[in-house]
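Top line first, the protein sequences correspond to chains A and B.
For this note's numbering, count along the first sequence from 1 and bump the result up by 543.
For this note's numbering, count along the second sequence from 1 and bump the result up by 54.
By construction, the Cβ of each residue, glycine as well, lies at the ideal position given by its N, Cα and C atoms.
Here's the structure we're looking at; comments come further down.
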Amino acid sequence: MNDKKSQLMSPARRKVLKATGAAIISAPYISRSWASVTEINMLAWYGHGEPDVVAEYEAANNVKFKPKYYAGGDNMLALIAQSPPGTYDLILSDAEFVQQLNAAGYIEEMNAADYPFDDMLHEDFTKFPGHWKDDKLFSMMLRGGHLGVSYNTTAVTAEEASSYQCFWKPELKGKVGHFDWHLPNLGMMSLYDGNGASLWDLDDDKWKKLQETTTSLRPQVGGFFDYGGTFNSLKNGEMLAMCGIGDWITGVLEKDGAPVASVIPKEGGIQFTESYSIGKGSEKADEVKKFIQYMMSPEGQVKSAQMAAYPGFCVTKAGRAKLQEVDKQEAMRSHQIEGMANDPIALINEGRIHYRDIPQQQTLEDWNDYWSEYKNA
Amino acid sequence: MARTNFSGFATTWRMPIIVWQVLFFLGPLLFMIAMSFFLVKNYRMVEAFELKNWEKMLTRGYFWDSYILTFWLASLTTAVTSLLAFPASFALAFKVSPSVRRWALFFLIIPFFTSYLVRIFSWYVILAESGVVNALLAHIGLGPYTMLNTKFGTLVGYMTLTLPLVVVLQTFALANIDRNLVQAAHNLGCSPARAIYAVIVPLAKTGLIVAALFCFILSFGDFVSPYYLGGSKPPTLPILIIDTTKSGQQWPRAAVVAVVMMLTLISIAFAALALAYRKRASR
Chain A
544 MNDKKSQLMS
554 PARRKVLKAT
564 GAAIISAPYI
574 SRSWASVTEI
584 NMLAWYGHGE
594 PDVVAEYEAA
604 NNVKFKPKYY
614 AGGDNMLALI
624 AQSPPGTYDL
634 ILSDAEFVQQ
644 LNAAGYIEEM
654 NAADYPFDDM
664 LHEDFTKFPG
674 HWKDDKLFSM
684 MLRGGHLGVS
694 YNTTAVTAEE
704 ASSYQCFWKP
714 ELKGKVGHFD
724 WHLPNLGMMS
734 LYDGNGASLW
744 DLDDDKWKKL
754 QETTTSLRPQ
764 VGGFFDYGGT
774 FNSLKNGEML
784 AMCGIGDWIT
794 GVLEKDGAPV
804 ASVIPKEGGI
814 QFTESYSIGK
824 GSEKADEVKK
834 FIQYMMSPEG
844 QVKSAQMAAY
854 PGFCVTKAGR
864 AKLQEVDKQE
874 AMRSHQIEGM
884 ANDPIALINE
894 GRIHYRDIPQ
904 QQTLEDWNDY
914 WSEYKNA
Chain B
55 MARTNFSGFA
65 TTWRMPIIVW
75 QVLFFLGPLL
85 FMIAMSFFLV
95 KNYRMVEAFE
105 LKNWEKMLTR
115 GYFWDSYILT
125 FWLASLTTAV
135 TSLLAFPASF
145 ALAFKVSPSV
155 RRWALFFLII
165 PFFTSYLVRI
175 FSWYVILAES
185 GVVNALLAHI
195 GLGPYTMLNT
205 KFGTLVGYMT
215 LTLPLVVVLQ
225 TFALANIDRN
235 LVQAAHNLGC
245 SPARAIYAVI
255 VPLAKTGLIV
265 AALFCFILSF
275 GDFVSPYYLG
285 GSKPPTLPIL
295 IIDTTKSGQQ
305 WPRAAVVAVV
315 MMLTLISIAF
325 AALALAYRKR
335 ASR
């Protein structure tokens, strides 16, 4: 019996020994192949380092992204400030913070000739505010998105949503949500006050009026939410209108079949702009440059537009054309087709879009202080 | 005269917890206190000894609004949870077999196996206007009621966190009571209600107060429930900490809020423990 057992066992044992031997012999090659993968430390909003965006590039170029995600420009600046130089190779930043990144010496100069500036969809994108200093390029615009009135289409009509006034609609009492960040919310209220292009540049009177306008909205407000909360409350119908967001959230829900939409009201909308910079002291600047070039290529622009975490529009002509070719549905949903109503580029041309900025005459702290008071009101 | 003997063996075994507490509680606590006097320049903390952060936070109306709200909600949760938990704990301690008690305690611990955040998000499905509770109420012609993004929602979240723990702690406290004393009360003519009030509660006082204290501490410091079920409307102190750090990276100001919270909790804890271990005045 024992003999039989040992006979039955021995082939398996031999196999195990063979496999182990093979593994030991090939181990140096495996480790060598692992070692050749270049790791790129990325600092970005959530989603930019996820497989749906970078996996294809990683496989083709033998690199591996190690993303560190942040929420908000302040958070990003703090993370860089608290890390040794060279920690982050690639930095994705909101455009309004590029200037501060540059002023603090956190990013490398880039060579404009490496990027498709002659193919940008709008002239503004070629010399985007803060991205250049003394005619030197420090950041490359990757994508954008527009913020306006986001609403549940079963509770608010498209006509009502064409003005921020709809947030005060009596039927929406307790059903208006805020994305919990003062900048886009107060920016929108500033537009509603009629400040137009000078929405961030408010003197004392205008700042006071903005606070009064915003405070008058407080009885309508059902809650203050982060990304997850905003997403859920719109999805389950707890909130029927949302201030401070745009297609970057409703787009994801819309694709999922939820009855929500975002429009740019007549008072105007705000554009968030995301740009790539090369971290100061990065030893992988060439690899990073190659990746940014990929993201600016038609294929990369499509990846960015389709990003699962939150959509954004293409900023190059070739990227837009490619999106229309490979994903017509998304191009139509996000109005990225010439001649469509609410085409993001047409909206900019019509002067209805204002680039997100930081307060000019007050500090961010002033705005945040008021925001805390508002939440407690 | 009693002589205290130094035991190297005992001290060696006590050292890890002492070192742990010094490294990961006392050290960070002292650093947090120091940090509340630091300044922030260009998103970077600069070592300083300035009272600006304290002055800034303590003179803001919204800080005190948040403080009162947080204290009130934590107190309400403690009262409601303790009252709701007591009948269940009483039954587990006195009315069921040891085997049933063991199973019940096991089931009370099970919720802690899953993430608190996941449990809180699951309440969305139950409390939403199109959720389970409103669907059931609709059958009897009631509702829909708004429960999410309200103080009620926050309370539900706090109780999700604390109720199982309070039941467990109360059960242990009640189960350790000498049954002979309860029996003696009955034999001497005590009604069941009086026996609970005059005998059982005083005997389990320490455990009951400790359970309530845990409930208060956990609720007072919880960020998840007031944010996700209360809609941050209005914000509690933990939310205020997050808000403060988000804008301008004002960690020193957030430290002021945190230190005030710690002082409050330490005061409450000392008061509760003093009450728990206070001996009855002899008559």
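Short CB-CB distance (under 8 Å) between residue i and chain A
i, result
"Arg98 of chain B", "yes"
"Ser136 of chain B", "no"
"Ser90 of chain B", "no"
"Ala323 of chain B", "no"
"Lys287 of chain B", "yes"
"Leu294 of chain B", "yes"
"Asp297 of chain B", "yes"
Within-8 Å CB hit, residue i to chain B
i, result
"Asp723 of chain A", "yes"
"Tyr572 of chain A", "Legend: pLDDT at Tyr572 of chain A = 49, less than 50; position of this residue unreliable, value from coordinates given subsequently. No, Tyr572 of chain A lies away from the interface with chain B (no Cβ there is under 8 Å from its Cβ)."
"Asn919 of chain A", "yes"
"Arg575 of chain A", "Low confidence applies here, because Arg575 of chain A scores a pLDDT of 47, under 50, leaving its location unreliable; read the following figure in that light. No, because no Cβ of chain B sits closer than 8 Å to the Cβ of Arg575 of chain A."
"Ser915 of chain A", "yes"
"Ala624 of chain A", "yes"
"Glu781 of chain A", "yes"
"Asn645 of chain A", "no"
"Ser549 of chain A", "The pLDDT assigned to Ser549 of chain A is 46, lower than 50, so where the model puts this residue is not dependable, and the model offers no usable value."
"Asp799 of chain A", "no"
"Asp617 of chain A", "yes"
"Leu620 of chain A", "yes"
"Asn775 of chain A", "yes"
"Gly855 of chain A", "no"
Nearest neighbour of residue i, chosen from the options [CA to CA]
i, options, result
"Glu593 of chain A", "A:Thr581, A:Glu582 and A:Lys609", "A:Lys609"
"Val134 of chain B", "B:Leu93, B:Gly81, B:Trp118 and B:Phe206", "B:Phe206"
"Gln708 of chain A", "A:Pro808, A:Gly780 and A:Asn775", "A:Pro808"
"Thr260 of chain B", "B:Phe324, B:Leu162 and B:Asp297", "B:Phe324"
"Glu908 of chain A", "B:Arg332, B:Ala312, B:Ala326 and B:Gly302", "B:Gly302"
"Gly772 of chain A", "B:Phe85, B:Val172, B:Glu109 and B:Phe63", "B:Val172"
"Glu702 of chain A", "A:Asp746, A:Glu797 and A:Ala804", "A:Ala804"
"Thr131 of chain B", "B:Trp177, B:Val220, B:Pro292 and B:Ala142", "B:Val220"
"Gly780 of chain A", "B:Ile250, B:Val179, B:Ala227 and B:Leu272", "B:Val179"
"Glu899 of chain A", "A:Ser741, A:Gly862, A:Asp870 and A:Glu893", "Position check: residue 899 of chain A holds Arg in this sequence, whereas Glu was assumed. The residue with the shortest Cα to Cα distance from Arg899 of chain A is A:Ser741."
"Arg332 of chain B", "B:Ala247, B:Ser245, B:Pro256 and B:Ser143", "B:Pro256"
"Lys798 of chain A", "A:Gln872, A:Ala603 and A:Tyr631", "A:Gln872"
"Val100 of chain B", "B:Trp305, B:Val314, B:Ala312 and B:Arg114", "B:Trp305"
"Asp297 of chain B", "A:Gly800, A:Glu868, A:His725 and A:Val845", "A:His725"
"Thr700 of chain A", "A:Gly843, A:Arg686 and A:Leu715", "A:Leu715"
"Met785 of chain A", "A:Thr758, A:Lys718, A:Ile835 and A:Asp747", "A:Lys718"
Extent of the continuous alpha helix (DSSP H) to which residue i belongs
i, result
"Leu824 of chain A", "What sits at residue 824 of chain A in the sequence shown is Gly, not Leu. No alpha helix (DSSP H) contains Gly824 of chain A, which DSSP labels as neither H nor E."
"Leu685 of chain A", "No alpha helix (DSSP H) holds Leu685 of chain A; the beta strand (DSSP E) holding it covers Met683 to Leu690."
"Leu137 of chain B", "Gly115 to Phe144"
"Asn241 of chain B", "Arg233 to Asn241"
"Ile296 of chain B", "Leu291 to Lys300"
"Trp914 of chain A", "Leu907 to Asn919"
"Met86 of chain B", "Gly81 to Met89"
"Ala325 of chain B", "Trp305 to Tyr331"
"Gly197 of chain B", "Note, Gly197 of chain B: premise wrong, no alpha helix (DSSP H); not H, not E."
"Lys259 of chain B", "Lys259 to Phe274"
"Ile518 of chain A", "In the structure displayed, chain A extends from 544 to 920; residue 518 of chain A sits before or after that span and is not available."
"Arg248 of chain B", "Pro246 to Ala249"
"Phe722 of chain A", "Run containing Phe722 of chain A: none in the alpha helix (DSSP H); it sits in the beta strand (DSSP E), Val719 to Phe722."
Residue i, enclosing beta strand (DSSP E) - first and last residue
i, result
"Trp588 of chain A", "Thr581 to Trp588"
"Val73 of chain B", "Taken as a continuous stretch (DSSP letters only), Val73 of chain B belongs to no beta strand (DSSP E), being part of the alpha helix (DSSP H) at Gly62 to Gln75."
"Leu93 of chain B", "Leu93 to Lys95"
"Val100 of chain B", "Arg98 to Val100"
Residue-level contact to chain D via CB, residue i, 8 Å cutoff
i, result
"Gly882 of chain A", "You won't find chain D in this structure, because its protein chains are A and B."
3 or more residues per run - each beta strand (DSSP E) lying fully within the segment 600-676 of chain A
606-613 and 633-637, all fully within the segment 600-676 of chain A.
Please name the residues in the segment 735-769 of chain A whose beta-carbon is closer than 8 Å to at least one beta-carbon of chain B, in chain order.
Per Cβ criterion, the list reads Val764, Gly765, Gly766, Phe767, Phe768 and Asp769.
Given a limit of 7 Å on CB to CB distance, which residues of the segment 178-209 of chain B reach chain A?
Flagged, chain order: Tyr178, Ala182, Glu183, Ser184, Thr200, Leu202 and Asn203.
Looking at chain A, which residues of the segment 115-137 of chain B have a Cβ within less than 9 Å of any of its Cβ atoms?
Hits within the stretch, in order: Gly115, Tyr116, Phe117, Asp119, Ser120 and Leu123.
Which residues, in order along the segment 887-911 of chain A, keep a beta-carbon less than 7 Å from a beta-carbon of chain B?
Within the segment 887-911 of chain A, the qualifying residues are Leu907, Glu908 and Asn911.
May I have a chain-ordered list of the beta strand (DSSP E) segments no shorter than 3 residues that lie completely inside the segment 738-806 of chain A?
You should have 764-768, 784-786 and 803-806.
Give me the subset of the segment 249-278 of chain B whose CB atoms are less than 8 Å from a CB atom of chain A, sorted by chain position.
Of all residues in the segment 249-278 of chain B, none has a Cβ within less than 8 Å of some Cβ in chain A.
Completely contained beta strand (DSSP E) runs for the segment 145-186 of chain B, where each covers 3 or more residues
Inside the segment 145-186 of chain B, DSSP marks no whole beta strand (DSSP E) run of 3 or more residues.
Taking a Cβ distance cut-off of 7 Å, strictly less, list which residues of the segment 299-332 of chain B are near chain A, in chain order.
Residues Lys300, Ser301, Gly302 and Gln303.
Pull out every residue of the segment 159-180 of chain B whose Cβ sits closer than 7 Å to any Cβ of chain A, in chain order.
Per Cβ criterion, the list reads Tyr178.
Quick one: which residues of the segment 666-688 of chain A get their C-beta closer than 8 Å to a C-beta of chain B? List them in chain order.
Within the segment 666-688 of chain A, no residue has its Cβ closer than 8 Å to any Cβ of chain B.
Can you pull out the residues from the segment 207-228 of chain B whose beta carbon lies closer than 7 Å to at least one beta carbon of chain A?
Here the close residues number zero.
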